[in-house]
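Each remark here refers to the structure printed beneath this line.
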Amino acid sequence: MTKKQRFLNACRRLPVDMTPVWIMRQAGRFMKSYRKIRSRHSFIEMCKDPRIAAEVTLQPVERLGVDAAIIFADILLPLEGMGVGFGFTAHDGPVIHRPIRTLKQISGLRIIDPHESLDYVLSAIKIVKKELGENTPLIGFSGAPFTLASYLIEGGHSQNYLITKMMMLETPGAWNALMTKLSKVVLLYLGAQIKSGADVVQLFDSWAGCLSPYDYEKSVMPYNRMILDGLKKYRVPVINFATDNGGLLELMSGSGGDVIGVDWRISIDKAWKRIGYKKAIQGNLDPAVLFAPVKEIERHVRAVLGMAAGRNGHIFNLGHGVLPATPESHVKALIELVHGLSGR
Ligand code: CP3
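Numbering follows our numbering, in which position 139 of the sequence shown is assigned residue number 126; successive positions increment by one, without gaps.
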């Protein structure tokens, strides 16, 4: 079975020879080969040069043995073409130069043509596809509207998402205008990635776990559903991911996607039961476990695999992105453990 068959089968809940595994943020600073390139270029330069983006996308496939590549990019890239300036600082992560807080600003945001403003991502996808051939699948991705809106409104990462939640609750007209625009952009962008060769796409609603189920259902789910419905015509599997989503599992499952991503704050057997066995599941090792000795990592891998119980439709992953200081050898050991312990 090729990695591509293994991965796509798991997305579709078909039998596999062993559990497929990849790592969120697998192309990143924990890898020596990434840091080497990063020492010569800024992060944005790397994203915008399709050859460099393709090279770092392939590094984890070649060096770690993961079952899928994920295109090297960032969820904030579409914002530039919409007319929003941003940058990345060394310690605080992304910073939006002029946060979006009024209806007037929202009206000024452009619906992008991804073939124009994100052509560099689509070019990188085409290069990677040529290199991977039919053996290894490529995952495309986008931030989901709520997570993108939270960066736009807060101006960066947030502790409690107060300004975002106040727009959502106090000015529903502005909220709807912003979320509608973002949904259109996300759908166009993911569609373009699929047409350029992405075999699977993941929607990162990383911060949606900060919401009550009531607000998620009323103010976020309709937009995600529009995107997930709009993607159906492409007939590629879609992974619907959020962190800290233990309170939202039924709603996320109901909003669509073929695979639901879950973090480590809930055990995967309980999560899957609530999501329903008609969906595949991705997760859910705590990224911190990778700092422990390999013996301890093995115990955790056995626990996750045990709870997934060999059921068709499990994609092994961390519950969230790999941390930059993670020992690279431990990540490699993790991939080998998942494959070795899950052989059917
Ligand atoms: O998974 C992969 O390997 C693909 C690449 C990828 C990156 N960002 C590269 C990146 C993906 C899928 C993302 C998604 C992303 N970006 C998310 C959603 C996923 C998640 O973690 O919840 C979010 C919230 C962002 C926004 C973002 N970009 C933040 C918060 C940061 C700073 C965090 C940090 O660790 O500094 C970034 C920068 C970023 N994106 C880096 C990488 C490799 C680090 C850049 C560097 O080399 O300095």
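Beta carbons are placed, not taken as given, at the ideal position from N, Cα and C, and that holds for glycine.
Q: List the whole-angstrom C-beta distance separating Ser137 from Thr151, where the pair is believed to meet the contact cut-off of C-beta under 8 Å.
A: Taking the first residue of the sequence shown as position 1, residue 137 is located at position 150. Taking the first residue of the sequence shown as position 1, residue 151 is located at position 164. So it is a contact: roughly 5 Å between Cβ atoms.
Q) Under 8 Å, do Phe59 and Ala14 count as touching if we go by C-beta distance? A) Counting from 1 along the sequence shown, the entry for residue 59 is found at position 72. Counting from 1 along the sequence shown, the entry for residue 14 is found at position 27. Result yes, Cβ atoms of Phe59 and Ala14 sit closer than 8 Å.
Q) Quick one: Cα of Pro314 to Cα of Leu156, how far? A) Residue numbering aside, residue 314 sits at position 327 when the sequence shown is read from its first letter. Residue numbering aside, residue 156 sits at position 169 when the sequence shown is read from its first letter. Taking the straight line from one Cα to the other gives about 43 Å.
(Q) Alpha carbons only, please: which of Phe30, Ala77, Ala179 and Phe133 is nearest the one belonging to Glu103? (A) Taking the sequence shown and counting its residues from 1, the one referred to as residue 103 is at position 116. Comparing Cα-Cα distances from Glu103 to each of Phe30, Ala77, Ala179 and Phe133, the minimum goes to Ala179.
Q) Whose C-beta lies closer than 7 Å to the C-beta of Val281 among residues of the same chain, with five residues either side of it excluded? A) As a first step, residue 281 must be located in the sequence shown, where it is residue number 294. Result list for Val281: His317 and Ala320, in chain order.
Q.
Quick check on Gly178: does DSSP put it in helix, strand or coil?
A. Stepping through the sequence shown from its first residue, residue 178 is reached at position 191. Three-state DSSP puts Gly178 in a helix.
Q. For Arg331 versus Asp4, is the C-beta distance shorter than 8 Å?
A. Locating residue 331 in the sequence shown gives position 344, counting from the first residue. Locating residue 4 in the sequence shown gives position 17, counting from the first residue. Cβ atoms of Arg331 and Asp4: closer than 8 Å.
Q. Mind checking Asp216: buried by the 16 CB within 10 Å criterion, or exposed?
A. For the purposes of this step, residue 216 is taken as the residue at position 229 of the sequence shown. Under a 10 Å Cβ-count criterion, Asp216 is classified as exposed, with fewer than 16 other Cβ atoms of the shown protein chains found around its own Cβ.
Q) Where do the N-terminal and C-terminal ends of the alpha helix (DSSP H) with His287 fall, by residue? A) Along the sequence shown, read from residue 1 onward, the residue named residue 287 stands at position 300. That run of the alpha helix (DSSP H) goes Val281 to Ala295.
Q) How would you label Asp79, buried or exposed, when you count the other beta carbons within 10 angstroms and need 16 or more for buried? A) What you label residue 79 is simply residue 92 of the sequence shown in a count that begins at 1. Flag for Asp79 reads exposed.
Q: Indicate whether Leu238 and Glu285 have their beta-carbon atoms separated by less than 8 Å.
A: Indexing the sequence shown from 1 puts residue 238 at position 251. Indexing the sequence shown from 1 puts residue 285 at position 298. Between Leu238 and Glu285, the CB-CB gap reaches or exceeds 8 Å.
Q: Identify which residue in Leu109, Asn147, Glu67 and Pro124 has its Cα closest to the Cα of Ser199.
A: Position 212 of the sequence shown holds residue 199. Here the closest residue by C-alpha is Asn147.
Q. With respect to 7 Å, is the separation between the Cβ of Ala14 and the closest non-hydrogen atom of the ligand CP3 below this value?
A. The sequence position of residue 14 within the sequence shown is 27, counting from 1. True, at least one ligand heavy atom lies under 7 Å from that Cβ.
Q | Where Leu96 falls, given that 16 or more other Cβ within 10 Å makes a residue buried | A | Working through the sequence shown from its first residue, we reach residue 96 at position 109. With 16 or more Cβ atoms within 10 Å of its Cβ, Leu96 is classed as buried.
(Q) Assuming Ile181 and Tyr221 are in contact, meaning their beta carbons sit under 8 Å apart, how far apart are those beta carbons, in whole angstroms? (A) Stepping through the sequence shown from its first residue, residue 181 is reached at position 194. Stepping through the sequence shown from its first residue, residue 221 is reached at position 234. Distance from Ile181 to Tyr221 at the Cβ level is roughly 5 Å; contact confirmed, criterion being Cβ atoms closer than 8 Å.
(Q) Excluding the 5 residues flanking Arg12 on each side, which residues of the same chain have their C-beta closer than 7 Å to its C-beta? (A) Residue 12 sits at position 25 when you count from the first residue of the sequence shown. Contacts found: Gly308 and Val309.
Q: Check the C-beta distance from Asn113 over to Gly184 and give it rounded, since I have them as a contact under 8 Å.
A: What you label residue 113 is simply residue 126 of the sequence shown in a count that begins at 1. What you label residue 184 is simply residue 197 of the sequence shown in a count that begins at 1. The question names Asn, but residue 113 is Lys in the sequence shown. At roughly 6 Å, the Cβ-Cβ gap stays under 8 Å, so Lys113 and Gly184 are in contact.
Q) My guess is that Thr230 and Ser206 are in contact by the Cβ rule of under 8 Å, so how many angstroms apart are they, rounded? A) Residue mapping note: residue 230 aligns to position 243 of the sequence shown, counting from 1. Residue mapping note: residue 206 aligns to position 219 of the sequence shown, counting from 1. Contact between Thr230 and Ser206 is ruled out by a C-beta separation of about 18 Å, above the 8 Å threshold.
(Q) Quick check: the stretch 256 to 269 against the stretch 45 to 53, are at least 3 beta-carbon pairs closer than 8 Å? (A) With the rule of 3 Cβ pairs closer than 8 Å, the stretch 45 to 53 does not count as touching the stretch 256 to 269.
Q: Output the boundary residues of the alpha helix (DSSP H) element that contains His326.
A: Along the sequence shown, one-based indexing puts residue 326 at 339. From DSSP, the alpha helix (DSSP H) with His326 extends over Glu315 to Ser329.
(Q) Cutting at 8 Å between CB atoms, please list the residues of its own chain near Phe17, excluding the five before and the five after it. (A) For this step, residue 17 is matched to residue 30 along the sequence shown. Val309, Leu310, Pro311, Ala312, Thr313, Pro314, Glu315 and Val318, listed in sequence order.
Q. Anyone know if the C-beta pair for Val187 and Ile214 falls short of 8 Å?
A. Residue 187 sits at position 200 when you count from the first residue of the sequence shown. Residue 214 sits at position 227 when you count from the first residue of the sequence shown. When the beta-carbon positions are compared, Val187 and Ile214 stay at least 8 Å from each other.
**Q.** Exposure of Asn232, with buried meaning 16 or more beta-carbon neighbours within 10 Å
**A.** Stepping through the sequence shown from its first residue, residue 232 is reached at position 245. Asn232 comes out buried.
Q. Does DSSP put Leu109 in a helix, a strand or coil?
A. If you number the sequence shown from 1, residue 109 lands on position 122. In the structure shown, Leu109 sits in a helix (DSSP, three-state: H, G or I).
(Q) Measuring only the C-alpha atoms, how far is Gly248 from Ile255? (A) Walking along the sequence shown from the start, residue 248 turns up at place 261. Walking along the sequence shown from the start, residue 255 turns up at place 268. About 10 Å.
(Q) According to DSSP, simplified to helix, strand and coil, what is Gly233? (A) As a position in the sequence shown, residue 233 is number 246, starting the count at 1. In the structure shown, Gly233 sits in coil (DSSP, three-state: anything other than H, G, I, E or B).
(Q) If distances are taken between C-alpha atoms only, which option among Tyr176, Thr123 and Leu236 comes closest to Gly244? (A) Residue numbering aside, residue 244 sits at position 257 when the sequence shown is read from its first letter. Ranking Tyr176, Thr123 and Leu236 by Cα distance to Gly244 puts Leu236 first.
Q) For the ligand CP3, any of its heavy atoms closer than 7 Å to the Cβ of Met11? A) Locating residue 11 in the sequence shown gives position 24, counting from the first residue. When distances are taken from the beta-carbon of Met11 to the heavy atoms of the ligand CP3, the shortest one is below 7 Å.
(Q) Taking 7 Å as the cut-off, is the beta-carbon of Ser254 closer than that to any non-hydrogen atom of the ligand CP3? (A) Within the sequence shown, residue 254 is the residue found at index 267, counting from 1. Every heavy atom of the ligand CP3 is 7 Å or more from the Cβ of Ser254, so no.
Q) For Ile87, which option in Ile31, Val71, Gly120 and Ala279 has the closest C-alpha, if you only look at C-alpha atoms? A) As a position in the sequence shown, residue 87 is number 100, starting the count at 1. The alpha carbon of Ile87 has as its nearest neighbour, out of Ile31, Val71, Gly120 and Ala279, the alpha carbon of Val71.
(Q) Between Ile83 and the ligand CP3, is there a pair consisting of the residue's CB and a ligand heavy atom that are separated by less than 7 Å? (A) If you number the sequence shown from 1, residue 83 lands on position 96. Not one heavy atom of the ligand CP3 sits closer than 7 Å to the Cβ of Ile83.
Q.
In whole angstroms, give me the CA-to-CA distance for Gly127 and Ala56.
A. Within the sequence shown, the letter at position 140 stands for residue 127. Within the sequence shown, the letter at position 69 stands for residue 56. The alpha-carbon atoms of Gly127 and Ala56 are separated by roughly 9 Å.
Q. Between Arg25 and the ligand CP3, is the CB less than 7 Å from at least one heavy atom?
A. Within the sequence shown, residue 25 is the residue found at index 38, counting from 1. Yes - the ligand CP3 has a heavy atom lying nearer than 7 Å to the Cβ of Arg25.
Q.
Quick check on Asn299: does DSSP put it in helix, strand or coil?
A. Locating residue 299 in the sequence shown gives position 312, where the first residue counts as 1. DSSP places Asn299 outside both helix and strand once states are collapsed to three, so it counts as coil.
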